[in-house]
Amino acid sequence: MTLLAQSQLQETFELNIGPQHPATHGVLRVKVIMDGEYIVKAEPVLGYIHRMHEKMGENRTWNQFWPNLGRLDYLSAIAYNHGYAGLLERAMGIEVPERAEYIRVITVELNRLQSHLLWFGAFILDLGGFTPLMYAFDEREQILDLLESVTGSRLTYCYFRFGGVYNDVDDDFITGTRAFIKRLRPQIPMYHDLVTKNVILMERLVDIGHISADMCRKYGATGPVLRGSGVNFDIRKNEPYSVYPELDFDVPVYHECDSMARYMVRMDEMEQSMRIIEQALDKMPDGPVKAEKAPKILKPPKGDYHFAVEAARGTFSMRTVSDATNTSYRMRLRSPTYSNLSLFEEASRGMLLSDALAFMGSLDLVIPEMDR
Amino acid sequence: MSGYFSYLLNGIKSLAIGLKITNKEFLTRPITLQYPHESVKMAPRYRGHIELLMDSETGTHTCISCGMCQKGCPSNCITVKSKKVPGVKGKVLTAYILDFTTCSLCGQCVENCKPAAIDFSNEYNLASTRKEDFVFDLLQKLHPEGVPEPKVDPALLKKEQEKIEAAAKAAAEKKEAAAKAATEKEGEGGEKAEGKS
Amino acid sequence: MLASEGLPPQKEVVEEVQAAEEGEVDPKAKKKEEEKPRENGLLETDYAKRGFHLDVQVNPDQVVRSAEILDSEGMTMEMVTGVDWLKDGQFEIVYDYSFTGGELFRVVVRCRVDREKPDVPTISEVFGGANWHERETWELFGINFVGHPQLERFLLPDDCDYYPLRKDFKL
Amino acid sequence: MDELIRILSYFVGIAAFLGLNLAYLGWVERKGAGHIQRRIGPKDVGPYGLLQPLADGLKLMSKQLVVPDNADRLLYMSAPVLAMVATVILFVTIPWGENLVPREFDYGLIMIFAVASAAGLSILLGGWASGNKYSLIAGTRAVSQSVAFEIPMLITAITIVMITGTMNLNEIIRSQSGMFWNWNVFALDKSILMPISFLVFFVCSMAEINRAPFDLGEAESELVAGYITEYGGMGFGLFMMAEYGNMMIGASLTTILFLGGWQCPFGLFPGPHWFLLKMYFLIWTIVWIRWTYPRTTLWGLLNLSWKYLIPFSLVNLLVTALFIKVF
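Residue numbers (our numbering), protein chains in the order written: chain A, 1 to 372; chain B, 1001 to 1197; chain C, 2001 to 2171; chain D, 3001 to 3327.
Dropping the structure here:
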């Protein structure tokens, strides 16, 4: 009764979505002020899984910070490994053997594939379709097995090292990856048939959650969110690192700016990732997987360094201030979804609750990465 | 108006295709692995908790108790305890305690280990309701029936004993010279002798 | 590597920045002065070594203007963060900008404020995304962003009374 | 006295049949969902998990009935009971076989529509009385949904009444006797739009019983669990059972109106087994659909109702009237 009286008086009511809610995929809380089923204001509240990784970076040695990278974005942890490896390699001028770079690219792209597959399933789950999640998990499981056979872990990878990778890949991994890609290729058209072309899904995604390119720019949104708004920007192309310049792949860009565009960008990215992996497998040379001259004790010269990689969710960049000791003076982790979610408040205004949750799903949130 | 009907027809068609796909999946075999009844073979590189490796030559581990694993560990989950046993080269490991509750399986310890005495195990069936069950003594795990006594090298033992005697002798001589200084030097001398041996 | 799109703002910033006479400081010269806090001014940095192209240091009152200039050039605010220089008694606020419209161009804008009175104007009106980043910086460093619409606890619990990223906060 | 025995035996029969069905439809749904999703579904409790419903029931019954603090206690407790009662009452009218009908009403169709509205009411009641905002939203959604879909459903039912000239469910079935082209769904001679009318009715019945893709009231990724968010134990159990009961009613009604009820497709040996076969086929279709499609939104649902179903059913009504007048 109080509820009804309240809503009659104010004509709006406040709804707490989360911290425990099926659609937030983690401990995100969104404070929503609603007018009926329409959102007047939706304010994300973070910090439920804040662990102060940046302070840990100041207290641990460079090498000891490795496991933290696997625990930021638990879905594309290898890309984060890449970011950190690249940062210190830039700071110390370490040359990485080519084979190691190819292994890095292959594992990162496999990781991106599994991240997108999980996102695909979870996103359709947000929209109420349960079955694609299980199909996506089936494929994802294959990737996890492959990655497990080379990195030893299934989720929180700690595989890269400064100047290379932890260990070499074996032939089983290479043949297994090729076989997997052969298996996944026909699955994606099946997903399109089952999900993308479904009229119910189209109704829910087309023209929902409009984010203009300028809004992306103002909020610093990156990754598939930015590419879904018609901006052709991919760190792998625009700020090439590793061996990406030697590989031939496209950056999918959609100009519709809606949830469907973001969805399609990710689906197309999966195809591109498969292309990259195949090429990298073909081109991978023999040789060492770790720089021989990599120093044991790391003391990067004074100054600040910046390195950005394209993680599954957008630009992950690290900035560190080194004071030439074995710990960093300041470690800054720029997580893509933090910026991507910050536009939620503006973009979700006036949306229907169910559309807003679909929109949130299309941003592909990973909470531990946001809270750091 | 034609848009209205074509939209409807396309919609119905898309729904029918969806039904066809799920029907196909319904008729194919499930892929579930019945975990407790059957299990997958773990990848050789699977990172379980670390373990001391058995060296087939000596019948025990090859840990030299240098403590590099302990130093490199980001989460301080390793404690290496060692002691000096007369007649044995280097320090002898008495306990290698791993607090697996805080381990992040990063592999720094395995990488830092010069004699390659530790590696990841393939154990994944770890479950307990008590936190204490995840604090292992890896040495005990390696030798469940009891840690074998380190092999004493008689020649080394003799040498050491001679050294200690010599040191004692020297100390005794010095003691005569100056009582206070002698006591301090005795301790140092003893340690040095250990370190050299 | 300097993109033609990125070039105009530098000049403007230089004009805005009163320490224009410093001009482009030779990186070697900078090394010698490293002990002292850097003078305001503009540095071209080696991208391959540092990861950004342009390094600008400004006064707190020029922060908003620099953001506006970079905004008009179509740059993206990537992150805002702080560094605690305990020895100098200063906080450094670092703004990372990048250009996403074409060839990549990264600009770092720095601004130093007194540790005792860390007031900096907010750029959240220019870049909406700076809102959260500034809020986080306020929370973790205690840097006060003047004019920020919502300086409330964000990542940390509501009742915490310390600034964890300050160097005098020891674990 | 005979009458009393008849009532009692039917009561016991319906209770047993209904209990068994409600339990095992849950099992069918879980097993079906499992196989659709490349997994097995329940398997450990009994052979093929056949004792799973029993285990579920025991668990639900052993749970404490918690009433939330700001819930309206009386209404909160009565909502699931209302949902279940409405469902059970509806079974009185269903003619399982020619002579196997608990109570033959001359106006059975009206009876079904009248009582079925109470199911929507129970959702609103449960949602409102829980004192939870998610539940409240779910309740309002459920009401607008059932209002939107009752219109085309009723209009379509009226076309059948026009063709058959009766509201007695058994009579409607009798009028479809003979080979399967005499069933209303294929009866193009009675009205050219009959198959469409069948689709409209089936979609509406799915929406009426809040099944996916129209499960807006329960929308677990938006409203946690909608109107059953606050329910636990047997309160939840009753809602679930009522859902399966409604599924049976919806499938039965579609069978009666369009698929010839207990009539055999080839005009031989009609009987309850044909009825059950058709009903279970429709129930399986509903389950199948649930595990294939994503959920619609409220707008999508209302669009479907007002832009497609209502115009179609109206056109259908006119065409049927024309057919009756001309032929």
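Quick reminder that beta carbons are idealized off the backbone N, C-alpha and C, glycines included.
I'd like the span of the beta strand (DSSP E) that includes residue i, first residue to last.
i, result
"serine 374 (chain A)", "Lying before the first or after the last residue shown, residue 374 (chain A) is absent from chain A, which here runs from 1 to 372."
"alanine 1095 (chain B)", "1092-1099"
"asparagine 3132 (chain D)", "Counting along the chain, asparagine 3132 (chain D) falls outside any beta strand (DSSP E), and DSSP gives it neither H nor E."
"valine 2109 (chain C)", "2106-2114"
"serine 380 (chain A)", "For residue 380 (chain A) there is no data in the structure shown, the boundaries of chain A being 1 and 372."
"leucine 1052 (chain B)", "1050-1052"
"leucine 15 (chain A)", "13-17"
"valine 1135 (chain B)", "1135-1137"
"phenylalanine 65 (chain A)", "First-last for phenylalanine 65 (chain A): undefined, no H or E at that position."
"valine 2146 (chain C)", "2144-2146"
Taking the alpha helix (DSSP H) that residue i belongs to, which residues open and close that run?
i, result
"phenylalanine 3312 (chain D)", "3310-3326"
"leucine 3060 (chain D)", "3052-3062"
"valine 1152 (chain B)", "Premise fails: valine 1152 (chain B) is in no alpha helix (DSSP H) and is neither H nor E."
"asparagine 59 (chain A)", "53-59"
"valine 150 (chain A)", "131-151"
"phenylalanine 344 (chain A)", "344-347"
"aspartate 371 (chain A)", "367-371"
According to DSSP, residue i sits in a beta bridge with which residue or residues?
i, result
"alanine 311 (chain A)", "A:Gly314"
"serine 1082 (chain B)", "B:Leu1093"
"alanine 42 (chain A)", "A:Val32"
"glutamate 3029 (chain D)", "None; glutamate 3029 (chain D) has no bridge partner."
"threonine 107 (chain A)", "Partner(s): none; threonine 107 (chain A) has no beta bridge."
"isoleucine 1118 (chain B)", "B:Leu1052"
"histidine 1143 (chain B)", "According to DSSP, histidine 1143 (chain B) bridges with nothing at all."
"methionine 92 (chain A)", "Looking at the DSSP assignment, methionine 92 (chain A) forms no beta bridge with any residue, so it has no partner."
"methionine 3179 (chain D)", "D:Phe3266"
"arginine 161 (chain A)", "A:Gly164"
"histidine 21 (chain A)", "A:Gly26"
"threonine 1060 (chain B)", "B:Asp1055"
Leaving out five residues on either side along the sequence, give the residues of the same chain with a beta carbon under 7 Å from the beta carbon of residue i.
i, result
"isoleucine 277 (chain A)", "Ile106, Glu109, Leu110, Thr177, Ile181"
"isoleucine 3007 (chain D)", "none"
"valine 3203 (chain D)", "Leu3309"
"leucine 3188 (chain D)", "Met3194"
"valine 2126 (chain C)", "Val2064, Ala2067, Glu2068, Asp2071"
"arginine 330 (chain A)", "Glu58, Thr320, Val321"
State buried or exposed for residue i, treating a residue as buried only when at least 16 other CB atoms are found within 10 Å of its CB.
i, result
"proline 1144 (chain B)", "exposed"
"glutamate 310 (chain A)", "buried"
"lysine 3133 (chain D)", "buried"
"serine 3205 (chain D)", "buried"
"leucine 1027 (chain B)", "exposed"
"tyrosine 166 (chain A)", "buried"
"tyrosine 338 (chain A)", "buried"
"alanine 3114 (chain D)", "exposed"
"tryptophan 3262 (chain D)", "buried"
"glutamate 2034 (chain C)", "With a pLDDT of 48 at glutamate 2034 (chain C), under the threshold of 50, the predicted position of this residue should be treated as unreliable, and no value is reported."
"tyrosine 1004 (chain B)", "exposed"
Among residues of its own chain, excluding the 5 on either side of residue i, which ones have a beta-carbon nearer than 8 Å to its beta-carbon?
i, result
"arginine 60 (chain A)", "Asn68, Thr327"
"tryptophan 3128 (chain D)", "Asp3072, Leu3075, Ser3135, Leu3136, Gly3139"
"glutamate 2152 (chain C)", "Arg2135"
"serine 212 (chain A)", "Ser229, Cys257"
"valine 2120 (chain C)", "Pro2060, Val2063, Ile2093, Cys2111, Val2113, Ile2143, Asn2144, Phe2145, Val2146"
Within the same chain, show all residues whose beta-carbon is closer than 6 Å to that of residue i, passing over the 5 residues directly before and after it, in chain order.
i, result
"lysine 2028 (chain C)", "In this prediction, lysine 2028 (chain C) has a pLDDT of 45, which is less than 50 and means its spatial position is unreliable; what the coordinates show is noted afterwards. Same-chain partners within the cutoff: there are none."
"aspartate 304 (chain A)", "Val321"
"glutamine 2090 (chain C)", "Arg2112, Arg2115"
"phenylalanine 3011 (chain D)", "none"
"serine 3313 (chain D)", "Pro3152, Ile3155, Thr3156, Val3200"
Inset, instruction - Would you mind listing the beta strand (DSSP E) stretches within the region 2045-2122 of chain C that are 3+ residues and don't spill past its ends, in chain order? - result: 2054-2058, 2076-2085, 2090-2098, 2106-2114, 2119-2121
Inset, instruction - Write down every uninterrupted run of the alpha helix (DSSP H) in the region 173-237 of chain A whose length is 4 residues or greater and which is fully enclosed by it, in chain order. - result: 187-191, 199-205, 213-219, 224-227
Inset, instruction - Within the region 238-307 of chain A, note down every full alpha helix (DSSP H) run reaching 4 residues or more, in order along the chain. - result: 259-283
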